[in-house]
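Heads up, the thing below is written out as structure tokens.
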Amino acid sequence: MSRLNDVGGMHAFGEIVRDGDEPGFHHEWEARVFALNRALMQRGLYNLDEFRDAVERIDPAVYYGLSYYERWFAGIEMLLHEKGVIR
919 MSRLNDVGGM HAFGEIVRDG DEPGFHHEWE ARVFALNRAL MQRGLYNLDE FRDAVERIDP
979 AVYYGLSYYE RWFAGIEMLL HEKGVIR
């Protein structure tokens, strides 16, 4: 079964244009989400495979409306709910 991130060979997505001067993070909150994810994995709350799977399970109607780090945050939130860390 294909998942929403499995777009290999699909049309209409276009090429990825890279700007050599582009910063690693466009907003401070993106860096915080990145750091939060690393910290939670280092503490053993989940691993990289679980995180990737959570991001890929975001409802497609929501997924395509989110930015890259918004998807990360949604995946983190999903995992923390599933593991009973937050309600």
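Under the working numbering, the residues of the sequence shown are numbered 919 to 1005, in order.
A virtual CB, placed ideally from N, CA and C, is assigned to each residue, including glycine.
Note that the structure is a prediction, hence the values are computed from the model and not measured.
Pair within 9 Å by beta-carbon distance, residue i and residue j
i, j, result
"Glu948", "Tyr986", "yes"
Continuous alpha helix (DSSP H) stretch holding residue i: start and end
i, result
"Ile994", "Tyr986 to Glu1000"
"Glu946", "Glu946 to Gln960"
Residues near residue i in its chain [Cβ-Cβ closer than 8 Å; skip 5 each side]
i, result
"Ile976", "Leu922, Leu984, Arg989, Ala992, Gly993 and Met996"
C-alpha gap between residue i and residue j, whole angstroms
i, j, result
"Arg936", "His944", "14 Å"
"Met959", "Asp967", "10 Å"
"Gly938", "Val980", "30 Å"
"Glu946", "Ala930", "31 Å"
Same chain, Cβ closer than 6 Å to residue i, neighbours up to 5 away in sequence not counted
i, result
"Gly932", "none"
If we count Cβ pairs, one from each stretch, closer than 8 Å, do we get three or more for the region 983-1003 versus the region 956-965? Output reads yes: the region 956-965 touches the region 983-1003.
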